[in-house]
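What follows is one structure encoded as structure tokens, with my remarks underneath.
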Amino acid sequence: MTILYCDCFSGISGDMFLGALLDAGLPIEHLSTQFKLLNLPEFQGVTAEKVKKGALAATLLNLDIHEHQEEHNHHHEHHRHHRHLGDIRSLIESSGLSESVRQTSLKIFQKLAESEAIVHGSSIEEVHFHEVGAVDSILDIVGAAVGLEYFNIQSVFSSALPLGTGQVITQHGLLPLPAPATLELIRMAQAPVAASKATVELVTPTGAAILASLATFRQPDMNLKQVGIGAGRRDLEWPNVLRVLIGAQDEAFGTHVEIETNIDDMNPQIYGHVMAKLFQAGALDVYFTPIFMKKNRPATRLSVIARKEDEPIICDLLLRETSTLGVRVKLVWRWEAEREMRNIETHYGQVPVKLKILDGDTIQAMPEFDACVRLAEQAGVPVALVIQEASAVSREFLNQPYGLIR
Numbered sequence: 002m003t004i005l006y007c008d009c010f011s012g013i014s015g016d017m018f019l020g021a022l023l024d025a026g027l028p029i030e031h032l033s034t035q036f037k038l039l040n041l042p043e044f045q046g047v048t049a050e051k052v053k054k055g056a057l058a059a060t061l062l063n064l065d066i067h068e069h070q071e072e073h074n075h076h077h078e079h080h081r082h083h084r085h086l087g088d089i090r091s092l093i094e095s096s097g098l099s100e101s102v103r104q105t106s107l108k109i110f111q112k113l114a115e116s117e118a119i120v121h122g123s124s125i126e127e128v129h130f131h132e133v134g135a136v137d138s139i140l141d142i143v144g145a146a147v148g149l150e151y152f153n154i155q156s157v158f159s160s161a162l163p164l165g166t167g168q169v170i171t172q173h174g175l176l177p178l179p180a181p182a183t184l185e186l187i188r189m190a191q192a193p194v195a196a197s198k199a200t201v202e203l204v205t206p207t208g209a210a211i212l213a214s215l216a217t218f219r220q221p222d223m224n225l226k227q228v229g230i231g232a233g234r235r236d237l238e239w240p241n242v243l244r245v246l247i248g249a250q251d252e253a254f255g256t257h258v259e260i261e262t263n264i265d266d267m268n269p270q271i272y273g274h275v276m277a278k279l280f281q282a283g284a285l286d287v288y289f290t291p292i293f294m295k296k297n298r299p300a301t302r303l304s305v306i307a308r309k310e311d312e313p314i315i316c317d318l319l320l321r322e323t324s325t326l327g328v329r330v331k332l333v334w335r336w337e338a339e340r341e342m343r344n345i346e347t348h349y350g351q352v353p354v355k356l357k358i359l360d361g362d363t364i365q366a367m368p369e370f371d372a373c374v375r376l377a378e379q380a381g382v383p384v385a386l387v388i389q390e391a392s393a394v395s396r397e398f399l400n401q402p403y404g405l406i407r
């Protein structure tokens, strides 16, 4: 699995992120070709140049935009283009971009719209995007999606975000830093933040939206393959750059985590509530084991199997929702069969069936028990009868190549 880590040493903006991807090996010709698929008449071209930021060499993104009135700064200066989410959605959906790039771009803009709506007390569709609706910001977001697809990035990770202080002039007038939309995006993502002595904007709404939409905020294990350094426009006391690290998660690091804690002092009624919340948070399996602890006290071991990227939210949930003071985490490997849900018709009604696929063949078809119970209660018959009929109908899927039963 190919992953990307953002080292936000000096914050992040859309153009810094895209500059870092170019520095890591994204061909500028490919980026230019993809931008032209947007059919934006204002877009004239894109170039990149090597610059020095302090002692570090970095790549600076330059966008050539028709009637581009002001310099494209780290914090995106303000332009005359005011777009709604619907306008941007139509622009992207009608483009010649791939489905992956369209979906990633729209996901980022959706998150931006949600943050702006909260900040301004309006609906998502009423939001005027102002700066983030400007052509350069649209290109930054679409370019980020293009770069992620080019490198086949499957997971994005990020460091803590440094927050500058001060003020910034926007279409809404003078506002404090971090910009309200940036702060809301950070809150929505529950992203960790770090204090900074900077009195300028380090994290822009566009940069925050990219991470809030796509990133897990921790440093991952990886086999490092590429490093890219994107330059910010400002010169600061330190190198004003964003570093992206691209690599592979090796199986030696494990594919999942097992999170455990032993509890001997919690109301047993709470366990069911905690289990439900864990599954909502992305847990793949949750189970309880009776154990004995110190002083021969009966207790419960609460175990969770989860994806590595869900570890922070699962651990936080356990610490908040249970009486435990700490949890244990260990890496595990998980081998999985493919699966798909299909609906079948029985004498009692429709029943969902879970298909188990291995090496392209369907080797198991299991009716969903809850659906069988519901139909049995409606028909006034034993649930075993519904399961028997559903199982018999499901046999048509067995030992068939998966592609033939779609």
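Per the working numbering, residue 2 is the first one in the sequence shown, and the count goes up by one each step. The C-beta atom is built at its ideal place from N, Cα and C for all residues, glycine as well.
Item	Value
Quick check on the burial criterion: 16 or more other C-beta atoms within 10 angstroms. Buried or exposed for R321?	exposed
Do the CB positions of L162 and Q168 come within less than 8 Å of each other?	no
Taking E50 as the reference, give the member of E312, A391, L19, A216 with the closest Cα.	L19
Which same chain residues end up closer than 8 Å to A118 when comparing Cβ atoms and leaving out the 5 residues on each side of it in sequence?	S124, I125, E127, V128
When the Cα atoms are used, what is the spatial distance from L5 to S392?	44 Å
Under 8 Å, do A147 and Q35 count as touching if we go by C-beta distance?	Reading the sequence as shown, one finds Val at residue 147 and not Ala. Contact: yes.
Run through DSSP, which three-state label would P313 get?	helix
I'd like to know if the segment 205-216 and the segment 106-121 are in contact, where contact means that at least 3 CB-CB pairs between them fall below 8 Å.	yes
In angstroms with no decimal places, state the Cα-to-Cα distance between H31 and A21.	15 Å
In chain order, what residues of the same chain have a beta carbon less than 6 Å from the beta carbon of Q70, not counting five sequence neighbours either side?	Here Q70 scores only 44 on pLDDT, less than 50, and its place in the model should not be relied on; the value that follows carries that caveat. Excluding sequence neighbours, Q70 sits near nothing in its chain.
Got a sec? Which residues, its chain only, sit under 6 Å from D286 by beta carbon, not counting five neighbours each side?	I306
How is C7 classed by DSSP in three states: helix, strand or coil?	strand
Closest to M367 by C-alpha separation, out of R244, N344, V382, Y349, would be which residue?	N344
Closest to G442 by C-alpha separation, out of R84, I211, V194, would be which residue?	Nothing about residue 442 can be reported from this structure: the residues present for the chain run from 2 to 407 only.
Classify I154 as helix, strand or coil using the three-state DSSP reduction.	coil
For a test of the three-state rule: what should DSSP assign to I125, helix, strand or coil?	coil
L203 and S11 - do their beta-carbons sit closer together than 8 Å?	yes
Figure out for me which residue from L149, G165, L164 has the closest Cα to the Cα of E158.	A quick correction: the sequence has Phe, not Glu, at residue 158. Of the listed residues, the one whose Cα sits closest to F158 is L149.
Quick one: residues in its chain with C-beta nearer than 6 Å to the C-beta of R103, no 5 flanking neighbours on either side, listed in chain order?	I93
Threshold first: 4 residues or longer. Then list the alpha helix (DSSP H) segments lying entirely within the segment 216-301, N to C.	270-281
Let me check one thing: in DSSP terms, what residues is K357 bridge-paired to?	R340, Q365
Report yes if the CB atom of L41 is closer than 8 Å to the CB atom of G97, and no otherwise.	no
Kindly indicate which three-state DSSP category V183 falls into: helix, strand or coil?	A small correction: the amino acid at residue 183 is Thr; Val does not occupy that position in the sequence shown. Here T183 sits in helix by DSSP.
Which of helix, strand or coil does DSSP assign to T347?	strand
How is H79 classed by DSSP in three states: helix, strand or coil?	Interpretation of H79 is limited by its pLDDT of 39, a score under 50 that renders its predicted location unreliable; the figure taken from the coordinates is listed afterwards. The answer is coil: DSSP assigns H79 none of H, G, I, E or B.
Go ahead and pull the three-state DSSP assignment for L64.	strand
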